[in-house]
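In order, the protein sequence lines correspond to chains S and W. Counting in our numbering, the first sequence runs from 3 upward without gaps. Counting in our numbering, the second sequence runs from 4 upward without gaps. Glycine included, every Cβ here is placed at the ideal spot set by N, Cα and C. Being a predicted model, the structure only gives us computed values, none of them experimental. Before any comments, here is the structure.
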Amino acid sequence: MMTELLAARLTMAFSLGFHIIFASIGMTMPFMMCAAHFFFLRTGKKEYLELTRMWMKGVAILFAVGAVSGTVLSFELGLLWPGFMKYAGPIIGMPFSWEGTAFFLEAVAIGLFLYGWNKMNRWAHWATGLVVGVSGFASGIFVVAANGWMNAPQGFDWVNGEALNIDPVKAMFNPAWLHQTLHMQTAALQAVGFAVAGIHALLLLKGRSRRLNLSALKIAMAFAATASLIQPLIGHFAAQRVAVLQPAKLAAMEGHFHTSTHAPLYLGGLPDEEKMEMNFGIPLPGMLSFLAFDDFKAEVKGLDRFPRDEWPPVLITHVAFQIMVGIGSLLAVVSLLYLHFLKKNFFPRSFLKMLVPLSPLGFIAIEAGWVVTEVGRQPWIIYGFLKTKDALTPVPGMQYHFLLFMFLYALFGLMTIWLMKRQVDAAHRNMGDERV
Amino acid sequence: MFEWLVAILVFFIGASLVLYIVLGGADYGAGILELLPSGGLADKQKKIVNMAMGPVWEANHMWLIIVVVILFMGFPLAFNTMMVSLHLPMVALLVGIVVRGCVFTFRHYDAIQEPRSQRFYTWTFGLSSLWTSMWLGIIAASLFRERINTKSVDFHEAYVAPWWGLYPFTVGVFVTCIFAFLASAYLIGETKDLELKRLFARRASVFNVLVLFVGTGVFMAARRDGDDLARDFVSDPVSLACMVGAILLFGLLWFRIETRHSWLTRLVAASQAGLILFGWFVVQAPNVLETTDGPMSFQEAAAPAATLIQLNLALLIGSLLIFPSLFYLIKVFKAK
Numbered sequence: 003m004m005t006e007l008l009a010a011r012l013t014m015a016f017s018l019g020f021h022i023i024f025a026s027i028g029m030t031m032p033f034m035m036c037a038a039h040f041f042f043l044r045t046g047k048k049e050y051l052e053l054t055r056m057w058m059k060g061v062a063i064l065f066a067v068g069a070v071s072g073t074v075l076s077f078e079l080g081l082l083w084p085g086f087m088k089y090a091g092p093i094i095g096m097p098f099s100w101e102g103t104a105f106f107l108e109a110v111a112i113g114l115f116l117y118g119w120n121k122m123n124r125w126a127h128w129a130t131g132l133v134v135g136v137s138g139f140a141s142g143i144f145v146v147a148a149n150g151w152m153n154a155p156q157g158f159d160w161v162n163g164e165a166l167n168i169d170p171v172k173a174m175f176n177p178a179w180l181h182q183t184l185h186m187q188t189a190a191l192q193a194v195g196f197a198v199a200g201i202h203a204l205l206l207l208k209g210r211s212r213r214l215n216l217s218a219l220k221i222a223m224a225f226a227a228t229a230s231l232i233q234p235l236i237g238h239f240a241a242q243r244v245a246v247l248q249p250a251k252l253a254a255m256e257g258h259f260h261t262s263t264h265a266p267l268y269l270g271g272l273p274d275e276e277k278m279e280m281n282f283g284i285p286l287p288g289m290l291s292f293l294a295f296d297d298f299k300a301e302v303k304g305l306d307r308f309p310r311d312e313w314p315p316v317l318i319t320h321v322a323f324q325i326m327v328g329i330g331s332l333l334a335v336v337s338l339l340y341l342h343f344l345k346k347n348f349f350p351r352s353f354l355k356m357l358v359p360l361s362p363l364g365f366i367a368i369e370a371g372w373v374v375t376e377v378g379r380q381p382w383i384i385y386g387f388l389k390t391k392d393a394l395t396p397v398p399g400m401q402y403h404f405l406l407f408m409f410l411y412a413l414f415g416l417m418t419i420w421l422m423k424r425q426v427d428a429a430h431r432n433m434g435d436e437r438v
Numbered sequence: 004m005f006e007w008l009v010a011i012l013v014f015f016i017g018a019s020l021v022l023y024i025v026l027g028g029a030d031y032g033a034g035i036l037e038l039l040p041s042g043g044l045a046d047k048q049k050k051i052v053n054m055a056m057g058p059v060w061e062a063n064h065m066w067l068i069i070v071v072v073i074l075f076m077g078f079p080l081a082f083n084t085m086m087v088s089l090h091l092p093m094v095a096l097l098v099g100i101v102v103r104g105c106v107f108t109f110r111h112y113d114a115i116q117e118p119r120s121q122r123f124y125t126w127t128f129g130l131s132s133l134w135t136s137m138w139l140g141i142i143a144a145s146l147f148r149e150r151i152n153t154k155s156v157d158f159h160e161a162y163v164a165p166w167w168g169l170y171p172f173t174v175g176v177f178v179t180c181i182f183a184f185l186a187s188a189y190l191i192g193e194t195k196d197l198e199l200k201r202l203f204a205r206r207a208s209v210f211n212v213l214v215l216f217v218g219t220g221v222f223m224a225a226r227r228d229g230d231d232l233a234r235d236f237v238s239d240p241v242s243l244a245c246m247v248g249a250i251l252l253f254g255l256l257w258f259r260i261e262t263r264h265s266w267l268t269r270l271v272a273a274s275q276a277g278l279i280l281f282g283w284f285v286v287q288a289p290n291v292l293e294t295t296d297g298p299m300s301f302q303e304a305a306a307p308a309a310t311l312i313q314l315n316l317a318l319l320i321g322s323l324l325i326f327p328s329l330f331y332l333i334k335v336f337k338a339k
């Protein structure tokens, strides 16, 4: 039987893992929808209208699931971690209050956009779609900034287990907010862009509505490729910040057990926590020192500098980090390929075939990235101040809570996928499914 | 200064709750109405509910989130107490919110509209609306009348007893009736179909009478637990006025529920629900909740002033952005 703490952590992990997919879609897909809508309003071509409506229905469904799963999270902070909220609420509630405002605007705008066809001025209607995207994007930034505070807490004085002299503004603009938000928002654009592109590549391969699907592919890839080519730079920036702010997390990410200069970067590998060594990894000598501090000779703190009970789970953090970086690199390479074919204005079938299996990869990278952030911060919930176990609710029976929400998420996850398939089928029926 | 910061936040909580009840509550009510036999009008009713709720329900839902955010940022002590002692009903509420929001959207946006799946969505939407509004009432009732026990380590005493009992469940039924009443009263003006208008008008009357009966039942249930809630309501002039006002409006509405004057009907219905809620606030003021150890006032539960200033600022600026856009939303979809 799992412990109460583990059950609560898993519940939170799955709630966040579920929500982040819908949140990512909710804050980036409206921009793609707006682009298609813009082209429709400018050209009057039917395929852009069909595409806008198809994506709009997708956004409507996914937004609703995102909104309710987000509601669950706002409650779960208190239901699972009252010991955390006691301190965190007053200190880091500010970005949440702004997120509330942004999300409210988003909810109003989405109502206007979804139901406002033929009821408003065409361009005003278009603009409401843009507001959905902008406010959704802003919501994401606020929430991730709040998470940044858990990694790099500031804006209070810790006196005898109490937080005094609270400064919410300083807390919000904590040292981790910038790299985390940049990294996450870009990742959302990548993941959603590639997911959408992959779906339309599949439809192209099946020979369905060529004009619609090609336009869709190009719009989605415009976002995905741009984001994927910037992301390596942002990721590098993020890693450098983590090296300074949370050296234990960086050490776990890299499986770096022993403090050293000329620290090696491992490709792959499975860290062994007991023996404090890395198995099967390919070391690139000095690269970790260079990546973390721009200097091959720099000393990188290993896990040996931290008491054993303050180590994050090394294996999970390292493997998740490798998955994220691996996918990120792959998507960057594919983006270059895409630009090459775009220049020639010809997409060979082999390239389309390659895009299809890439569809879920961006989301897997996002999940892996959040595992790095969250598992890599353990055993702390507020880094350096409060341990996760001390924040846990006294209510017993967290296992049942976990099972209940797992069941709900599985159910609604599957239903959403089923509905998306029905959307796509219906949209093609509307286009007369011309096979050109 | 500190008192003022708290007072403004209490105002925002109260206003958000009233808006949640009179706007979001009607959305719950619409689901409940769809469970009732409608004499062959079910499909028409579904269309009206989809069109009436579709553009606004997510915005209406936001008022609850605003309350939650104000509580956890501004009144962390109260938020934590609620989330620990009322853990079980909160989870029940969440399950309802998730199921309801999802199936309502699925029903409307399912690209393939077939009777079997549509029937499933409608039933799930209706039952989850009923379920969620029950739990909203139960939670509201559990917060006061010294039901919450923060000291006990006994599972039943600490986590079940606060919400388990005739009184909280009666309040749950009461809230359900109010929501169904609001939905009926609002929906009259959403349709041009005379048959449907009559159906909604009839339901509005029935649920209004039910509100009165179950409302009396709430006082009786409290009395049964040895709690003279009725006296508290009557002894304060403001809550007494609210109660009298709600009853007077009841009379007015009784004669005015008809197929014309849809905005007047809506306004009267909303005021009635608003007055009931406001009366309840007055009886409980200045407390955010009451435990077996005594009341916890908003002031006692409040975060430091620096936090309250930021929260007030966010709410004030947020209001400047939200209210105009909300009016625009209503203007586009509800103005005839």
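Could you work out which residues of chain W lie near residue i, taking near to mean beta carbons separated by less than 7 Å?
{"i": "S/D392", "result": "Near S/D392 there are no residues of chain W at all, since even the closest Cβ is about 14 Å away, more than 7 Å."}
{"i": "S/R55", "result": "Simply none; closest approach about 10 Å."}
{"i": "S/Y268", "result": "Going along chain W, no residue has its Cβ under 7 Å from S/Y268, so there is no contact; the nearest lies around 41 Å."}
Below 6 Å CB to CB, which residues in the same chain sit around residue i once its five sequence neighbours on both sides are set aside?
{"i": "W/F282", "result": "It should be pointed out that residue 282 of chain W corresponds to Gly in this sequence rather than to Phe. Once the five neighbours on either side are set aside, the close Cβ partners of W/G282 are S242, C245 and M246."}
{"i": "S/E256", "result": "L290"}
{"i": "S/H260", "result": "G304 and D306"}
{"i": "W/R206", "result": "S187"}
{"i": "S/R437", "result": "Residue confidence is low: S/R437 scores 44 on pLDDT, short of 50, so the model does not pin down where it sits. No coordinate-derived value is stated."}
{"i": "S/H181", "result": "F239, A240 and R243"}
{"i": "W/V221", "result": "T173, V174 and F177"}
{"i": "S/F144", "result": "P97, W100 and E101"}
{"i": "W/N63", "result": "L26, G27 and D30"}
{"i": "W/A304", "result": "F78, L80, A81 and V291"}
{"i": "S/I383", "result": "F86, T390 and A393"}
Whose Cβ in chain W lies nearer than 8 Å to the Cβ of residue i?
{"i": "S/V171", "result": "Q313"}
{"i": "S/L421", "result": "F109, Y112, D113 and A114"}
{"i": "S/K121", "result": "V335 and F336"}
For residue i, does the count of other Cβ atoms within 10 angstroms reach 16, so buried, or fall short, so exposed?
{"i": "S/Y402", "result": "exposed"}
{"i": "S/L339", "result": "exposed"}
{"i": "W/M137", "result": "buried"}
{"i": "W/I37", "result": "Position check: residue 37 of chain W holds Glu in this sequence, whereas Ile was assumed. By the neighbour-count rule (16 or more Cβ atoms within 10 Å), W/E37 is buried."}
{"i": "S/L191", "result": "buried"}
{"i": "W/G229", "result": "exposed"}
{"i": "S/K88", "result": "buried"}
{"i": "W/A308", "result": "exposed"}
{"i": "S/H320", "result": "buried"}
Please return the same chain residues whose Cβ sits closer than 8 Å to the Cβ of residue i, not counting the five positions on each side in sequence.
{"i": "S/G68", "result": "H21, F24, A25, I27 and G28"}
{"i": "S/A294", "result": "A241, Q242, A245, L252, A265, A300 and V302"}
{"i": "S/P287", "result": "H264 and P266"}
In terms of DSSP beta bridges, what is residue i paired with?
{"i": "S/N432", "result": "None; S/N432 has no bridge partner."}
{"i": "S/Y268", "result": "S/P285"}
{"i": "S/D274", "result": "S/E279"}
{"i": "S/M87", "result": "Answer is none; S/M87 lacks a bridge partner."}
{"i": "W/G297", "result": "W/T294"}
{"i": "S/E164", "result": "S/V161"}
Note down, in chain order, every chain S residue with its Cβ under 7 Å from the Cβ of residue i.
{"i": "W/N83", "result": "G80, P84, M87 and K88"}
{"i": "W/E198", "result": "Chain S residues near W/E198: none, gap ~25 Å exceeds 7 Å."}
{"i": "W/S328", "result": "L107 and V110"}
In its own chain, which residues sit with a C-beta less than 7 Å from the C-beta of residue i, not counting the 5 before and 5 after it?
{"i": "S/F323", "result": "M255 and V374"}
{"i": "S/W413", "result": "Strictly speaking, residue 413 of chain S in this sequence is Leu, with Trp absent from that position. Excluding sequence neighbours, S/L413 sits near nothing in its chain."}
{"i": "S/Q425", "result": "M56, K59 and G60"}
For residue i, return the contacting residues in chain S, with the cut-off set at a CB-CB distance below 9 Å.
{"i": "W/H64", "result": "A69, V70, T73 and A109"}
{"i": "W/L22", "result": "The premise fails here: W/L22 is roughly 11 Å from chain S at the closest Cβ pair, so nothing lies under 9 Å."}
Does the beta carbon of residue i fall short of 7 Å from some heavy atom of the ligand SAM?
{"i": "S/A300", "result": "With respect to the ligand SAM, the structure offers nothing, as it holds no ligand at all."}
Please list, in chain order, the chain S residues whose beta carbon lies closer than 8 Å to that of residue i.
{"i": "W/H90", "result": "L81, T395 and V397"}
Entirely within the region 280–345 of chain S and at least 4 residues each: give me those alpha helix (DSSP H) ranges in chain order. 289–295
Output the residue ranges of the beta strand (DSSP E) runs that lie fully inside the region 188–247 of chain S and measure 3 residues or longer, sorted by chain position. none
What ranges does the beta strand (DSSP E) occupy inside the region 379–432 of chain S, keeping only unbroken runs of at least 3 residues that lie completely in it? 382–384
Could you tell me which uninterrupted alpha helix (DSSP H) segments, each at least 4 residues in length, are contained entirely in the region 120–194 of chain W, listed from first to last along the chain? 169–190
Would you mind listing the beta strand (DSSP E) stretches within the region 22–73 of chain S that are 3+ residues and don't spill past its ends, in chain order? none
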